[in-house]
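Novice: Handing you this structure, nothing more for now.
There are 4 protein chains.
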Amino acid sequence: MKRAQVFRLSMAHPGDLSALEKLIVGGTVRASDVVAIIGKTEGNGGVNDFTRGYFTQTLMALLSVHLGKPASQLIKEIPCVLSGGTEGVMSPHYSVFCISDDPAATRQYPKALAIGTAFAPVAVENVGRRAHVESVATAVRQAIDNAGIEKLEDVHFVQVKCPCVTVARASAAIAAGKPPRTTDPNRSMAFARAAGAFGVALALDEIKPDRFNDDSLLADFTIQSPRASISSGVEVESNEVIVLGNSPAWGGDLRIAHASMSDALDIGGVFDVLADLGIKANPQVPVRDTERIACVLVKCEPDRRGNIRGHRHTMLDDTDINAQRHIRGAVAGLVAGVVGDGRIFVSGGAEHQGPDGGGLIAVIASQRGGH
Amino acid sequence: MKRAQVFRLSMAHPGDLSALEKLIVGGTVRASDVVAIIGKTEGNGGVNDFTRGYFTQTLMALLSVHLGKPASQLIKEIPCVLSGGTEGVMSPHYSVFCISDDPAATRQYPKALAIGTAFAPVAVENVGRRAHVESVATAVRQAIDNAGIEKLEDVHFVQVKCPCVTVARASAAIAAGKPPRTTDPNRSMAFARAAGAFGVALALDEIKPDRFNDDSLLADFTIQSPRASISSGVEVESNEVIVLGNSPAWGGDLRIAHASMSDALDIGGVFDVLADLGIKANPQVPVRDTERIACVLVKCEPDRRGNIRGHRHTMLDDTDINAQRHIRGAVAGLVAGVVGDGRIFVSGGAEHQGPDGGGLIAVIASQRGGH
Amino acid sequence: MKRAQVFRLSMAHPGDLSALEKLIVGGTVRASDVVAIIGKTEGNGGVNDFTRGYFTQTLMALLSVHLGKPASQLIKEIPCVLSGGTEGVMSPHYSVFCISDDPAATRQYPKALAIGTAFAPVAVENVGRRAHVESVATAVRQAIDNAGIEKLEDVHFVQVKCPCVTVARASAAIAAGKPPRTTDPNRSMAFARAAGAFGVALALDEIKPDRFNDDSLLADFTIQSPRASISSGVEVESNEVIVLGNSPAWGGDLRIAHASMSDALDIGGVFDVLADLGIKANPQVPVRDTERIACVLVKCEPDRRGNIRGHRHTMLDDTDINAQRHIRGAVAGLVAGVVGDGRIFVSGGAEHQGPDGGGLIAVIASQRGGH
Amino acid sequence: MKRAQVFRLSMAHPGDLSALEKLIVGGTVRASDVVAIIGKTEGNGGVNDFTRGYFTQTLMALLSVHLGKPASQLIKEIPCVLSGGTEGVMSPHYSVFCISDDPAATRQYPKALAIGTAFAPVAVENVGRRAHVESVATAVRQAIDNAGIEKLEDVHFVQVKCPCVTVARASAAIAAGKPPRTTDPNRSMAFARAAGAFGVALALDEIKPDRFNDDSLLADFTIQSPRASISSGVEVESNEVIVLGNSPAWGGDLRIAHASMSDALDIGGVFDVLADLGIKANPQVPVRDTERIACVLVKCEPDRRGNIRGHRHTMLDDTDINAQRHIRGAVAGLVAGVVGDGRIFVSGGAEHQGPDGGGLIAVIASQRGGH
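Residue numbers (this note's numbering), protein chains in the order written: chain V, 19 to 389; chain Z, 19 to 389; chain H, 19 to 389; chain C, 19 to 389.
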């Protein structure tokens with residue numbers, strides 16, 4: 019029986035994988051069990067954020083040593099989804115997702131955390147277009163299969179990391195007669211995230227294939243997936259997919275739940291997802307329950323209409339601080355205050371991921387000691 | 019009998035006082051009743067934040083028209099305390115504090131909000147030194163008298179805006195043979211805030227005069243005032259003091275309460291101060307109680323030890339975003355999430371103001387409809 | 019005979035007009051002679067740069083006192099073109115353009131500086147569209163007439179300040195059923211600058227009316243005006259136009275010249291414009307010639323192809339510092355190094371203004387003492 | 019006879035060493051000849067700039083493959099001095115310094131470029147103190163010996179990269195009872211650079227050992243070395259020293275020269291150093307001479323008195339952009355405009371390195387084809 023484990027580890031800087039190395043060397047983690055990484059590094063989260071590439075290079079070098087495979091191959095097998103930017107109270111950390119196969123294991127809980135992954139390439143000229151959406155959808159379906167999740171309703175969180183267009187890539191594409199959708203790197207990241215969200219929605223049957231075209235991306239915000247979490251970054255050239263859900267076919271004590279956040283002030287959504295896992299915040303999660311929490315995953319977005327509950331915000335008009343850095347810092351302040359821990363994954367750029375102007379939260383917690 | 023009122027108003031930009039103008043023209047606010055302003059403008063909160071000066075100039079010009087006094091005189095009579103930086107979900111707004119004297123009024127509640135103000139000049143070379151501390155203490159005592167608050171325990175919030183040193187002022191002072199404590203503008207703002215906090219603590223009998231010397235500022239963090247809120251800015255040359263407390267001698271329906279925040283994740287402090295005012299967040303303040311809240315005032319600080327509850331934060335090591343902008347965004351995200359409103363005053367630079375690495379929160383609410 | 023004068027004045031902060039006040043009070047400048055201001059304030063130059071509004075409010079209040087006209091009227095008569103952002107070696111300053119009429123004056127030089135101004139409103143929904151281009155062209159023609167410049171070749175510099183779209187204005191326009199060309203404030207500033215440049219080119223007969231349509235803006239960079247300098251900002255709602263040229267009908271000793279800069283490294287363009295005015299940099303302008311220089315006006319642009327002379331630059335991929343702040347700082351470093359003075363007007367956003375990836379430089383100098 | 023070569027290479031991102039790899043694989047560079055690297059990466063140059071660590075990790079991995087030595091050893095043998103921040107027109111690049119020993123070589127020019135390197139550890143608690151100064155001086159003397167330069171006047175450029183204090187390191191040192199000079203990371207970088215400059219001045223006999231004490235660092239700016247170039251960064255724990263000079267004992271066609279820059283506008287210093295190498299800028303270096311230039315190394319500093327030639331600058335008062343980023347962008351704009359190439363090393367933080375408020379420039383050029 020397969021069993022999923024999640025190790026949430028801290029880093030001293032983006033090239034510091036010593037915590038994972040210690041677990042591998044000490045025998046707690048088997049290098050070959052590592053199937054995915056989701057983490058927050060301390061960059062700016064934008065096009066020129068190289069903390070993600072630095073971390074990934076270091077990770078793959080470490081795994082390469084222990085697995086005896088070249089890093090260049092591992093990078094195509096193990097999704098490493100990093101969101102740059104630990105604004106405010108967030109703490110740089112990474113969650114290592116492992117799958118072990120224990121023939122002797124028996125089921126302890128009705129359902130337990132199940133994990134599946136997949137990769138799909140996308141060309142620069144397709145970024146943010148229908149071809150991109152479809153490549154994501156295919157990869158998500160493949161990851162669901164791979165996880166052995168039978169019901170789509172048991173999927174709670176689909177993380178996709180999409181490539182984006184840099185000035186250099188755009189120039190090359192134009193020279194090759196294949197102009198990208200936009201040459202503005204920050205805009206291309208937004209289109210890539212939109213395509214990822216549409217792809218997840220398509221794979222999860224949340225929208226129909228004829229419901230959208232290229233123009234719907236970043237325009238028709240009624241289209242959304244409340245379970246999609248999309249990042250985009252300069253360091254990847256393929257879509258990387260991680261599906262997280264619950265399944266009766268898996269052992270282990272972890273379970274995942276998710277909730278929508280209707281806007282950036284929706285503390286209720288945070289309480290809801292915790293309640294779903296049997297955790298009562300009062301108003302903060304008590305210490306013994308904090309220890310049950312293995313991973314907190316949040317997507318959020320500065321409301322593009324320029325106000326929140328009728329009051330003007332200034333995130334979109336700020337030339338000094340990128341709007342995504344603003345919203346990550348604010349929502350992380352809220353969520354970390356409820357869970358009492360800064361090691362949370364809060365990622366901006368939630369276009370089409372959850373309600374417009376809001377986002378989503380997923381939490382993985384142990385069922386052991388629950389109540 | 020005197021009665022305090024607080025009008026919380028939004029602005030479209032730092033030079034937009036149209037909301038106040040409308041209230042004055044419409045007769046809701048009498049210009050001569052305005053005694054103080056506390057607000058958040060959308061600058062960066064640093065030395066080069068001119069949104070505060072812009073707002074102040076516009077405000078004084080408006081009051082000048084209605085009061086028939088020159089703006090240059092009003093600016094020495096009406097404290098206008100602005101904190102720059104509406105990071106994340108914060109909404110630019112200002113609270114207008116008014117005192118009206120109604121001989122026919124009778125007491126409705128055992129105690130009600132009382133307001134006192136005072137001004138005290140400080141020379142550039144004294145900024146962040148004992149002479150600065152003492153000038154603040156004297157002004158605070160004067161403002162308490164002025165408010166008619168008899169017990170020091172009834173003081174809940176003392177706002178002081180202190181001058182700081184700019185590169186230009188520092189050069190002038192050095193040329194005059196009176197070197198300032200530091201020539202680094204950001205550092206001088208920190209020293210000024212420390213002096214302000216020490217001054218409040220001295221005036222409120224929280225510390226004894228022989229307990230500290232110049233070296234204690236920004237060094238001995240066991241010295242703190244849980245009721246001090248200090249700002250510093252390039253646009254003022256005097257300490258400006260606003261004392262807020264409760265008094266049986268005042269009419270009106272407002273009351274103020276305060277609580278400490280032990281660190282940036284202390285959501286409990288937020289719930290406590292609300293509970294003190296009879297407001298139950300569940301987890302968010304219900305809409306009818308949101309309407310009772312007149313003003314939310316928060317001070318916070320990036321933990322200088324570099325971690326929060328054992329987990330590293332990156333605010334102090336960030337060359338791109340000033341640490342105060344980080345912490346304001348995070349704590350505002352938390353507090354706004356609980357009260358359901360982005361119109362909150364969250365100000366960074368809480369050195370010696372509440373617990374080290376934490377800060378304080380004060381809320382003014384109507385007692386009408388309370389439970 | 020009309021005579022143009024230019025006073026280049028420093029400011030201690032964006033609300034400091036004391037240098038102009040002193041000149042007016044001392045009789046050097048007659049308030050009624052002031053026809054335009056061009057200056058650099060120390061904001062960020064973006065949508066949330068309020069230093070421009072602050073300066074303008076202070077200027078108009080000052081002139082209002084001396085002219086006995088309301089500021090609200092003056093603001094519609096005197097173009098006040100401010101570019102925010104004094105990156106690097108630039109020094110905050112403003113040039114006051116004055117016209118005096120001296121019946122007794124006689125011509126000293128074949129041609130002398132001539133100034134004309136005009137205003138033209140533009141609706142939010144028209145920003146960055148053909149209607150915007152045409153409103154600019156009409157205003158430029160009117161300003162040329164107003165300056166009495168007969169030959170278009172004698173026009174050397176046309177400054178236009180255009181309104182842009184903020185999140186708030188965009189929402190209002192959408193609500194009114196008149197969607198703006200873009201809701202992204204930074205993008206709208208770019209479209210506004212493009213429209214301004216097209217308008218100048220049209221007025222100066224550099225392009226024909228059928229040569230472009232809405233889609234040409236920010237797309238067809240073969241269309242450009244080597245004499246257009248366009249700014250855009252949140253604080254104006256009309257196009258404000260200042261035409262600077264030379265004319266035999268004007269007295270005084272000032273003359274203007276201009277040159278294109280082919281890219282951000284084109285030091286040759288700087289030497290050329292100086293040579294045109296009889297000033298030889300060797301490699302820096304000698305002190306006695308520095309004193310002849312009355313005003314230096316530069317437009318520049320980060321090369322959108324991502325490289326300069328074959329080497330990659332990083333301005334467009336930087337999430338921390340806006341690309342316009344990057345290029346202003348670099349080009350100002352070059353120009354200030356040649357002229358030996360940081361009081362230069364260097365403004366970013368040179369789309370369609372001079373060669374693609376480059377820009378333009380205009381200098382006004384006294385002909386007295388020339389060689 | 020030993021021969022020095024310098025290869026100036028571009029990178030697509032901080033982890034891109036493909037240009038060097040190509041030269042090694044193609045046989046142009048022998049991996050064992052590489053003795054030092056000086057480069058500019060596209061980070062922010064501050065404490066949280068990880069582009070330097072990323073580049074270094076990638077470089078050492080590459081050399082490790084070709085040299086068959088572990089990267090952990092190479093990092094202690096090959097100084098890799100990176101300055102983060104390619105503001106404005108600067109292009110990310112790195113110069114690879116190689117020494118080859120050719121028994122058959124004969125001297126072509128009276129003197130040619132000579133290179134020496136050395137390493138010296140420094141503890142966190144010593145950073146910015148006399149012990150730090152002395153450790154640097156010892157290492158510089160060792161590198162001069164190592165280069166075989168006999169006369170101190172033949173040393174033209176001494177690059178030192180010093181460790182600094184991060185919040186984490188400071189906390190560890192304090193816990194160990196060894197408090198660092200400062201716990202403010204940016205301030206510790208400044209102290210480290212000062213110690214490096216003092217160490218170079220000491221080694222080059224520019225100052226006497228009794229001329230200074232701990233308090234002189236960052237205070238007595240009459241102490242300076244016109245040949246010191248000091249960087250500081252979070253990624254090194256030893257002082258890394260590279261000495262560049264000319265020597266009759268070396269073959270090859272390269273030669274180095276240096277000049278002081280009296281302030282940030284000193285274009286004359288740039289022309290001087292070029293003239294010293296027989297290169298005449300007119301006003302830009304002609305293309306055939308551009309090709310002779312192998313490396314341009316510049317240090318600069320925002321004038322701490324707040325003005326340049328009597329005009330206020332705003333670099334030190336800017337909360338949004340670090341002052342070092344400002345000055346690098348400006349000075350790079352000037353130097354790149356003269357040499358016609360953005361691949362220049364411009365590093366901020368020039369405290370005690372050249373004239374106060376100014377800095378230094380060194381250029382390495384081929385003597386072949388000179389005139």
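C-beta: ideal position from N, C-alpha, C; glycine also.
In chain order, what residues of the same chain lie with their CB nearer than 6 Å to the CB of M29 (chain C), ignoring the 5 residues before and after it?
Specialist: Start at 1 with the first residue of the fourth sequence, and residue 29 (chain C) comes out as number 11. The residues are P110.
Novice: Could you give the first and the last residue of the continuous beta strand (DSSP E) run that contains E258 (chain Z)?
Specialist: For the purposes of this step, residue 258 (chain Z) is taken as the residue at position 240 of the second sequence. Where E258 (chain Z) is concerned, the enclosing beta strand (DSSP E) stretches over S256 to S265.
Novice: If you measure from the beta carbon of S36 (chain C) to each beta carbon in chain H, is any gap under 9 Å?
Specialist: The residue labelled residue 36 (chain C) in the question sits at position 18 within the fourth sequence. Not one chain H Cβ lies under 9 Å of S36 (chain C).
Novice: Does any residue of chain Z have a CB that is nearer than 9 Å to the CB of L235 (chain C)?
Specialist: Here residue 235 (chain C) refers to the residue found at position 217 of the fourth sequence. Not an interface residue.
Novice: In this structure, how does DSSP classify M243 (chain H) when only helix, strand and coil are distinguished?
Specialist: Here residue 243 (chain H) refers to the residue found at position 225 of the third sequence. According to the sequence as given, residue 243 (chain H) is Ser; it is not Met. Reduced to three states, the DSSP call for S243 (chain H) is coil.
Novice: Name, please, each residue of chain V whose Cβ falls closer than 9 Å to the Cβ of S278 (chain Z).
Specialist: Here residue 278 (chain Z) corresponds to residue number 260 of the second sequence, with the count starting at 1. Ordered by position in chain V, no residue passes the 9 Å Cβ test against S278 (chain Z), which lies about 15 Å from the chain.
Novice: As a quick exercise: from Z:P198, Z:A132, Z:F239 and Z:S206, pick the residue whose alpha carbon is nearest that of L170 (chain Z).
Specialist: Against the second sequence, residue 170 (chain Z) aligns to sequence position 152. For L170 (chain Z), the nearest C-alpha among the options comes from Z:A132.
Novice: How is P203 (chain H) classed by DSSP in three states: helix, strand or coil?
Specialist: Against the third sequence, residue 203 (chain H) aligns to sequence position 185. In the structure shown, P203 (chain H) sits in a helix (DSSP, three-state: H, G or I).
Novice: So H174 (chain Z) is in the beta strand (DSSP E); what residue range does that whole segment cover?
Specialist: Taking the second sequence and counting its residues from 1, one reaches residue 174 (chain Z) at position 156. Run containing H174 (chain Z): V173 to P181, per the beta strand (DSSP E) assignment.
Novice: On a CA-only basis, which of H:I297, H:N300, H:L41 and H:I379 is nearest C318 (chain H)? Give me that one, please.
Specialist: By one-based count along the third sequence, residue 318 (chain H) stands at place 300. Here the closest residue by C-alpha is H:I379.
Novice: Am I right that L272 (chain C) and S118 (chain C) are in contact with their C-beta atoms under 8 Å? What's the rounded C-beta distance?
Specialist: The count along the fourth sequence starts at 1 and reaches residue 272 (chain C) at position 254. The count along the fourth sequence starts at 1 and reaches residue 118 (chain C) at position 100. Not quite, the Cβ-Cβ distance comes to about 12 Å (not below 8 Å), so this is no contact.
Novice: Looking at the strands, I want to know which residues DSSP matches up with F115 (chain V).
Specialist: Counted from its first residue, the first sequence places residue 115 (chain V) at position 97. In DSSP, F115 (chain V) forms a bridge with V:V24 and V:A54.
Novice: Roughly how many angstroms separate the alpha carbons of S234 (chain C) and P128 (chain C), rounded to a whole number?
Specialist: Position 216 of the fourth sequence, counted from the start, is the residue given in the question as residue 234 (chain C). Position 110 of the fourth sequence, counted from the start, is the residue given in the question as residue 128 (chain C). Distance between the alpha carbons of S234 (chain C) and P128 (chain C): 40 Å.
Novice: Can you list the alpha helix (DSSP H) stretches of 4 or more residues lying completely in the stretch 80-115 of chain V, in chain order?
Specialist: You should have 89-92.
Novice: Per DSSP, what kind of secondary structure is H329 (chain H) in: helix, strand or coil?
Specialist: What you label residue 329 (chain H) is simply residue 311 of the third sequence in a count that begins at 1. Three-state DSSP puts H329 (chain H) in a strand.
Novice: In chain order, which alpha helix (DSSP H) runs of at least 4 residues are fully inside the stretch 313-360 of chain V?
Specialist: Complete alpha helix (DSSP H) runs here, min 4: 341-357.
Novice: What residue ranges within the stretch 122-148 of chain C form continuous beta strand (DSSP E) runs of no fewer than 3 residues, ordered along the chain?
Specialist: Counting only runs of 3 or more, we get 130-139.
Novice: Starting from F363 (chain Z), trace the beta strand (DSSP E) both ways and give me its first and last residue.
Specialist: On the second sequence, position 345 is the one that residue 363 (chain Z) refers to. First-last of the beta strand (DSSP E) with F363 (chain Z): F363 to S365.
Novice: Between N204 (chain Z) and G214 (chain Z), what straight-line distance do the alpha-carbon atoms span, to the nearest angstrom?
Specialist: On the second sequence, position 186 is the one that residue 204 (chain Z) refers to. On the second sequence, position 196 is the one that residue 214 (chain Z) refers to. Straight-line Cα distance between these residues: approximately 16 Å.
Novice: Just tell me which of V:V183, V:R245 and V:R48 has its CA closest to the CA of Q371 (chain V).
Specialist: As a working mapping, residue 371 (chain V) is identified with position 353 in the first sequence. Here the closest residue by C-alpha is V:R245.
Novice: Any contact of the stretch 341-359 of chain V with the stretch 37-53 of chain Z, i.e. 3+ C-beta pairs under 8 Å?
Specialist: These segments do not touch.
Novice: Residues bridged to V381 (chain H) by DSSP?
Specialist: Walking along the third sequence from the start, residue 381 (chain H) turns up at place 363. DSSP lists H:A275 and H:V314 as partners of V381 (chain H).
Novice: I'd like to check one pair, V176 (chain V) with I285 (chain V): are the Cβ atoms closer than 9 Å?
Specialist: One-based indexing of the first sequence puts residue 285 (chain V) at position 267. One-based indexing of the first sequence puts residue 176 (chain V) at position 158. No, they are not a contact pair.
Novice: Excluding the 5 residues preceding and the 5 following G263 (chain Z) in the sequence, name in chain order all residues of the same chain whose CB lies nearer than 6 Å to its CB.
Specialist: As a first step, residue 263 (chain Z) is located in the second sequence; it is residue number 245 there, counting from the start. So the qualifying residues of the chain are A132, I167, D172, V173 and H174.
Novice: Contact criterion: CB-CB distance below 9 Å. Does R323 (chain Z) meet it with respect to chain C?
Specialist: The residue labelled residue 323 (chain Z) in the question sits at position 305 within the second sequence. Closer than 9 Å to some Cβ of chain C, the Cβ of R323 (chain Z) qualifies, so yes.
Novice: Let me know if I138 (chain H) comes out buried or exposed under the rule of 16 or more other beta-carbons within 10 Å of its beta-carbon.
Specialist: In the third sequence, the residue the question calls residue 138 (chain H) occupies position 120. The sequence given here has Ala at residue 138 (chain H), not Ile. By the neighbour-count rule (16 or more Cβ atoms within 10 Å), A138 (chain H) is buried.
Novice: Report the partner residues of G269 (chain Z) according to the DSSP bridge assignment.
Specialist: Position 251 of the second sequence, counted from the start, is the residue given in the question as residue 269 (chain Z). Its beta-bridge partners are Z:R21.
Novice: Beta carbons nearer than 8 Å to chain V: which residues of the stretch 106-125 of chain Z have them?
Specialist: Flagged, chain order: G106, V107, M108, S109, P110 and H111.
Novice: Out of curiosity, what's the CA-to-CA distance linking G134 (chain H) and V259 (chain H)?
Specialist: Numbered from 1 along the third sequence, position 116 holds the residue referred to as residue 134 (chain H). Numbered from 1 along the third sequence, position 241 holds the residue referred to as residue 259 (chain H). In a straight line, the C-alpha of G134 (chain H) is about 8 Å away from that of V259 (chain H).
Novice: Would a C-beta distance cut-off of 9 Å place V107 (chain V) and G351 (chain V) closer than the cut-off?
Specialist: Residue 107 (chain V) sits at position 89 when you count from the first residue of the first sequence. Residue 351 (chain V) sits at position 333 when you count from the first residue of the first sequence. Taking 9 Å as the Cβ cut-off, V107 (chain V) and G351 (chain V) qualify as a contacting pair.
Novice: Strictly under 9 Å for the Cβ-Cβ distance: is F68 (chain H) near chain C by that measure?
Specialist: Taking the third sequence and counting its residues from 1, one reaches residue 68 (chain H) at position 50. F68 (chain H) does not count as touching chain C.
Novice: I'd like to check one pair, L85 (chain H) with I56 (chain H): are the Cβ atoms closer than 9 Å?
Specialist: Looking up residue 56 (chain H) in the third sequence gives position 38. Looking up residue 85 (chain H) in the third sequence gives position 67. Going by C-beta atoms, I56 (chain H) is not nearer than 9 Å to L85 (chain H).
Novice: Quick check on DSSP: helix, strand or coil for T46 (chain H)?
Specialist: Locating residue 46 (chain H) in the third sequence gives position 28, where the first residue counts as 1. Here T46 (chain H) sits in coil by DSSP.
Novice: How far does the alpha helix (DSSP H) with L222 (chain V) in it extend, from its first residue to its last?
Specialist: To locate residue 222 (chain V), count along the first sequence from 1; it is residue 204. No alpha helix (DSSP H) holds L222 (chain V); DSSP gives it neither H nor E.
Novice: T201 (chain Z) CB to nearest chain H CB: under 9 Å?
Specialist: The count along the second sequence starts at 1 and reaches residue 201 (chain Z) at position 183. No, its Cβ sits nowhere closer than 9 Å to a Cβ of chain H.
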